[in-house]
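So the structure is just underneath, and the comments pick up after that.
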Amino acid sequence: MRPFVDISEVTLAYPDAGAGSILALDGVSLSINKGEFVAVVGPSGCGKSTLLKLVSGLHPPSRGGVIVADREVAGPIKIVGMAFQNPIMLPWRTTLDNVLLPLEIVEPHARNFRGNRQNYVQKALALLAAVGLDGFAERYPWQLSGGMQQRASLCRALIHAPDLLLLDEPFGALDAFTREELWTVLRDLWSAHGFTVILVTHDLTEAVFLANKVHICSKRPGRIIDSRPIELPHPRDKFAPEFVAIVRDLHAGIANVRLS
Amino acid sequence: MTARLEAVIPWLFIGALLLVWEIVCVAFSIPAFILPRPTLVWAALTAQFAPIMSNSLDTLIRTIAGFALAVVLGGLLGVAIGASRLVYRGLYPVLIGFNSVPKVAVVPVFVIWFGIGAVPAILTAFLVSFFPIAVNVATGLATVEPELLDVLRALGARKRQILIKVGLPRSLPYFFASLKVAITLAFVGTIISETVAGSSGIGYLMMAATANFDTPLVFAGLFVIAALGIVMYALFAAAEHRMTFWAKRGEGLTV
Chain W
252 MRPFVDISEV TLAYPDAGAG SILALDGVSL SINKGEFVAV VGPSGCGKST LLKLVSGLHP
312 PSRGGVIVAD REVAGPIKIV GMAFQNPIML PWRTTLDNVL LPLEIVEPHA RNFRGNRQNY
372 VQKALALLAA VGLDGFAERY PWQLSGGMQQ RASLCRALIH APDLLLLDEP FGALDAFTRE
432 ELWTVLRDLW SAHGFTVILV THDLTEAVFL ANKVHICSKR PGRIIDSRPI ELPHPRDKFA
492 PEFVAIVRDL HAGIANVRLS
Chain R
90 MTARLEAVIP WLFIGALLLV WEIVCVAFSI PAFILPRPTL VWAALTAQFA PIMSNSLDTL
150 IRTIAGFALA VVLGGLLGVA IGASRLVYRG LYPVLIGFNS VPKVAVVPVF VIWFGIGAVP
210 AILTAFLVSF FPIAVNVATG LATVEPELLD VLRALGARKR QILIKVGLPR SLPYFFASLK
270 VAITLAFVGT IISETVAGSS GIGYLMMAAT ANFDTPLVFA GLFVIAALGI VMYALFAAAE
330 HRMTFWAKRG EGLTV
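So the sequence lines, in the order shown, correspond to chains W and R.
Using the working numbering, the first residue of the first sequence is number 252, and each one after it goes up by one.
Using the working numbering, the first residue of the second sequence is number 90, and each one after it goes up by one.
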């Protein structure tokens, strides 16, 4: 059986300001099965975010191909939900209307949006409650803290029940307490809904806390240099010796990459 | 205390200005046909109240008509320029050239085409005021953050959906800011046309008064225009406040 996400020999070169081009990814291959939670970890500038853009169809690869759900990715695909490092809310919409945004665009929801609005609102409110934003639906995003906005951004990424969730360092800009709380929120959402996740991060603890499998990315041009399954049972304790051992081990691996 | 001071300070300023003016005129015994005292202007205003009002109404109607045209066409043009690179490249130089032409120079052309009356005034008001609207809307669309676009593009949104869901709301603050500028410019346009070739309106009234050396009446006309301008500006400032409250959340750079 073919993996749910199949990235094969993908190379991507961005055109440079000069005559040349910057090689962001060099022959990256990754297979992700349905329902897996995968983390891609690497130093900044290694092309992790680029990888997500390729999978989401926001950017075409220079060489190689990406297959998601048995289809070659040729443009944005609707079974994907995405959250970025910045929450990127629309300031003229309430939090609720921000969360509902994908439903106004993604079919088949967009067609029924007006008629079904009440149902969708119920769904959005339930999701907001699940991430701890009960009672904030009618607030505007700029009335919320950074962590609350990021929670709302997660809701927006999930409201159309995507099969594939792409997370581009979504917790990178948050304080440590909020970040770790959101880890558990994400973990619970993932175990409740069973979607597939690709999480891009530079935080090893975050990767090990959440993922089934951690892929290590080299510095630019990005290549996958190590992949490691994480078999610790959930809920994981980041202070447990076996957890710490894994993080330390991965850390040593990355340090080697940076030196080489 | 500060709130009450803020409410009355515009009136204090106007009052002080008029007082200084009055004193200067009396102290240097400036003749009324050169610079009339505010009290003389007031006298002219009350004495000729009916003709001033009917001519002001003409001017106001023409200004609003020209301004409305400018809002619709300038807004559409701004959306076209902001949303399409090709339109931008093709049209922008033409627009700038067009806007550089002194509008007083085209009024005679309008008169040849449409005769003396309301039409040249409306067209001039339109011409003067549509440019800032078009440019501002285009700027609003062109400066949408790429991250904001990515959020919609990742969902597979089409260009038209992105324009409606992000582009237009995002450019609303720019649009309203331009309306405040455009409405005052529209008055300028109307009155230019009325002074060059009119048979009614405040501009025409002022030309007629100048011909009779009735300088107090000329100034009465200026006062009425200024008052109309302030009222219209305040109207659009209030609309802006209502529609784009989300864009203006702090005190800004006010000290």
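By construction, the Cβ of each residue, glycine as well, lies at the ideal position given by its N, Cα and C atoms.
Burial state of residue i, where buried means 16 or more other Cβ atoms lie within 10 Å
i: V306 of chain W; result: buried
i: K248 of chain R; result: exposed
i: P235 of chain R; result: exposed
i: E283 of chain R; result: buried
i: R151 of chain R; result: buried
i: K304 of chain W; result: buried
i: K374 of chain W; result: buried
i: Y265 of chain W; result: exposed
i: R474 of chain W; result: buried
i: A116 of chain R; result: exposed
i: R322 of chain W; result: exposed
i: H330 of chain R; result: exposed
i: I112 of chain R; result: exposed
i: E493 of chain W; result: exposed
i: D239 of chain R; result: buried
i: F325 of chain R; result: buried
i: N363 of chain W; result: exposed
Beta-carbon proximity of residue i to residue j, cut-off 9 angstroms
i: K337 of chain R; j: P262 of chain R; result: yes
i: L149 of chain R; j: F312 of chain R; result: no
i: F264 of chain R; j: G318 of chain R; result: no
i: R479 of chain W; j: L461 of chain W; result: no
i: V291 of chain W; j: L302 of chain W; result: yes
i: V465 of chain W; j: R487 of chain W; result: no
i: V289 of chain W; j: L281 of chain W; result: yes
i: A298 of chain R; j: T304 of chain R; result: yes
i: A223 of chain R; j: G290 of chain R; result: no
i: E457 of chain W; j: W434 of chain W; result: yes
i: L409 of chain W; j: L440 of chain W; result: yes
i: F156 of chain R; j: A271 of chain R; result: yes
i: R242 of chain R; j: L341 of chain W; result: no
i: H502 of chain W; j: L455 of chain W; result: yes
i: L237 of chain R; j: A328 of chain R; result: no
i: M295 of chain R; j: G278 of chain R; result: no
i: I481 of chain W; j: N463 of chain W; result: yes
i: M332 of chain R; j: F276 of chain R; result: no
i: H444 of chain W; j: A412 of chain W; result: yes
i: L261 of chain W; j: G286 of chain W; result: The question names Leu, but residue 261 of chain W is Val in the sequence shown. No, Cβ-Cβ distance for V261 of chain W and G286 of chain W is not below 9 angstroms.
i: G383 of chain W; j: E432 of chain W; result: yes
i: R317 of chain W; j: D257 of chain W; result: Looking at the sequence provided, one finds Val at residue 317 of chain W rather than Arg. Yes; because the gap between Cβ atoms is below 9 angstroms, this pair is in contact.
i: P353 of chain W; j: G332 of chain W; result: yes
i: I314 of chain R; j: V196 of chain R; result: no
i: G204 of chain R; j: G287 of chain R; result: no
i: K254 of chain R; j: I356 of chain W; result: yes
i: A214 of chain R; j: A300 of chain R; result: no
i: G293 of chain W; j: S259 of chain W; result: no
i: W100 of chain R; j: P127 of chain R; result: no
i: K470 of chain W; j: G271 of chain W; result: no
i: S537 of chain W; j: L395 of chain W; result: The structure shown does not extend to residue 537 of chain W, since chain W spans only 252 to 511, so no value can be given for it.
i: S260 of chain R; j: V233 of chain R; result: yes
Residues that residue i bridges to, as DSSP identifies them
i: S259 of chain W; result: W:G316
i: R406 of chain W; result: In the sequence under discussion, the amino acid at residue 406 of chain W is Cys, which differs from the Arg named in the question. Paired residues: none, contrary to the question.
i: D419 of chain W; result: W:V451
i: D477 of chain W; result: W:I467
i: P266 of chain W; result: W:S272
i: M295 of chain R; result: Its beta-bridge partners do not exist; DSSP assigns none.
i: E323 of chain W; result: W:I318
i: M333 of chain W; result: W:L417
i: I283 of chain W; result: W:V256
i: A290 of chain W; result: W:L450, W:V465
Cβ separation of residue i and residue j, assumed to be a contact under 8 angstroms, to the nearest whole Å
i: K299 of chain W; j: C468 of chain W; result: 6 angstroms
i: G179 of chain R; j: F219 of chain R; result: That belief does not hold up - the Cβ atoms of G179 of chain R and F219 of chain R are roughly 18 angstroms apart, past 8 angstroms.
i: L158 of chain R; j: P221 of chain R; result: Going by Cβ atoms, the distance from L158 of chain R to P221 of chain R rounds to 14 angstroms, so no, they are not a contact pair.
i: L129 of chain R; j: A121 of chain R; result: 6 angstroms
i: L379 of chain W; j: D385 of chain W; result: 7 angstroms
i: P254 of chain W; j: I283 of chain W; result: 6 angstroms
i: L306 of chain R; j: Q137 of chain R; result: 6 angstroms
i: P125 of chain R; j: F308 of chain R; result: 6 angstroms
Contacts of residue i in chain C (Cβ-Cβ under 9 angstroms)
i: G245 of chain R; result: Chain labels in this structure do not include chain C; the protein chains are W and R.
Would the stretch 325–339 of chain W count as touching the stretch 391–405 of chain W if we require 3 or more Cβ pairs under 8 angstroms? At 8 angstroms Cβ cutoff, the stretches touch.
Quick check: the stretch 442–453 of chain W against the stretch 409–426 of chain W, are at least 3 beta-carbon pairs closer than 8 angstroms? Taking a contact to require three or more Cβ pairs closer than 8 angstroms, the stretch 409–426 of chain W and the stretch 442–453 of chain W qualify as touching.
Contact between the stretch 212–232 of chain R and the stretch 161–172 of chain R is defined here as three or more beta-carbon pairs at a separation below 8 angstroms; is this criterion met? When C-beta atoms of the stretch 212–232 of chain R are compared with those of the stretch 161–172 of chain R, three or more pairs fall below 8 angstroms, so the two segments count as touching.
Within the chosen definition, does the stretch 239–247 of chain R reach the stretch 184–191 of chain R through at least 3 CB pairs nearer than 8 angstroms? Because the criterion of three Cβ pairs below 8 angstroms is not met, the stretch 239–247 of chain R and the stretch 184–191 of chain R do not touch.
Please determine if the stretch 386–400 of chain W and the stretch 345–355 of chain W are in contact, where contact requires at least 3 C-beta pairs separated by less than 8 angstroms. In short, these stretches touch, since the Cβ pair count reaches three.
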